[in-house]
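Those letters in the sequence shown? Residues 1 to 142, by full-length UniProt numbering. We put the beta carbon where it would ideally sit given N, CA and C, even for glycine. These numbers come from a predicted model, not from an experiment. Here the structure is laid out as structure tokens; the discussion comes afterwards.
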Amino acid sequence: MAGFRLADTDKETLAKKYFCIFCLLLLRDAMQTSCGHFYCQSCLVNLIQNATSMLMICLNDQKRLQPNEVFADKFMRREILALVVHCTFKDDGCIWKGEVRHLENHTSTCEFLKIPCVHPECGVLVKKLILLNIWKRNACTD
């Protein structure tokens, strides 16, 4: 899984060191190369040039990297998980703000999450909040 998706506000304010060179998202499970660059753990697979030797090429400086020249950066991982960010759906109206470690949990239940319309032939993405309101109006007897 690639990095964490962020609200535009956070993309603009967070330091560049927190972003994966490959997917350009906030680092998820940060890995550091011997040349000092950061990637999401899952993005490293995309750098492999030779499946037999597992040779990788850093996108930033084209340095050739062996598997032993890449390591999990636990300090960076803790630092990122403690960053305070807005909900990914801030621009859609969500006011949640919290640590990155709680972002996915919030996002999965956020009322501003866009989900496919319940009618398969429709294909439109609708805010979860709107579908919940329609359901309550039509299904609730209270």
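Confirm, please, whether the CB-CB distance from residue j to residue i is below 8 Å.
{"i": "M1", "j": "Q32", "result": "no"}
{"i": "A15", "j": "H86", "result": "no"}
{"i": "E104", "j": "V84", "result": "no"}
{"i": "G3", "j": "C23", "result": "yes"}
{"i": "R5", "j": "L27", "result": "no"}
{"i": "C94", "j": "C117", "result": "no"}
{"i": "L81", "j": "I21", "result": "no"}
Tell me the DSSP secondary structure of residue i in three-state form.
{"i": "E121", "result": "coil"}
{"i": "E99", "result": "strand"}
{"i": "K63", "result": "coil"}
{"i": "W135", "result": "Confidence in W135 is poor, its pLDDT being 48 and thus under 50, which makes the residue's placement unreliable; the coordinate value appears in the next sentence. In this structure, W135 counts as helix in the three-state DSSP scheme."}
{"i": "M54", "result": "coil"}
{"i": "L47", "result": "helix"}
{"i": "M1", "result": "coil"}
{"i": "F19", "result": "strand"}
{"i": "L26", "result": "strand"}
Tell me which residues share the same chain as residue i and place their Cβ nearer than 6 Å to its Cβ, disregarding the 5 neighbours each side in the sequence.
{"i": "D92", "result": "F112"}
{"i": "Q49", "result": "L55 and I57"}
{"i": "V70", "result": "M31 and T33"}
{"i": "F38", "result": "L27, A30 and Q32"}
{"i": "K17", "result": "none"}
{"i": "T107", "result": "T88"}
{"i": "W96", "result": "C87 and H106"}
{"i": "D73", "result": "A30 and Q32"}
Provide the residue span of the beta strand (DSSP E) that contains residue i, from first to last.
{"i": "T88", "result": "Looking at the DSSP string, T88 is not in any beta strand (DSSP E), and its letter there is neither H nor E."}
{"i": "C40", "result": "F38 to C40"}
{"i": "F71", "result": "V70 to A72"}
Quick check on the DSSP output: the alpha helix (DSSP H) that includes residue i runs from which residue to which?
{"i": "K11", "result": "D8 to T13"}
Once the 5 residues before and after residue i are set aside, which same chain residues still bring their CB inside 7 Å of it?
{"i": "F89", "result": "C110, F112 and L113"}
Take residue i and list the residues in its own chain whose beta-carbon comes closer than 8 Å to its own, dropping the five residues that flank it on each side.
{"i": "G123", "result": "P116 and C117"}
{"i": "D9", "result": "According to the sequence provided, residue 9 is Thr. The question's Asp does not apply to it. So the qualifying residues of the chain are H86 and K90."}
{"i": "L125", "result": "K114, I115, P116 and C117"}
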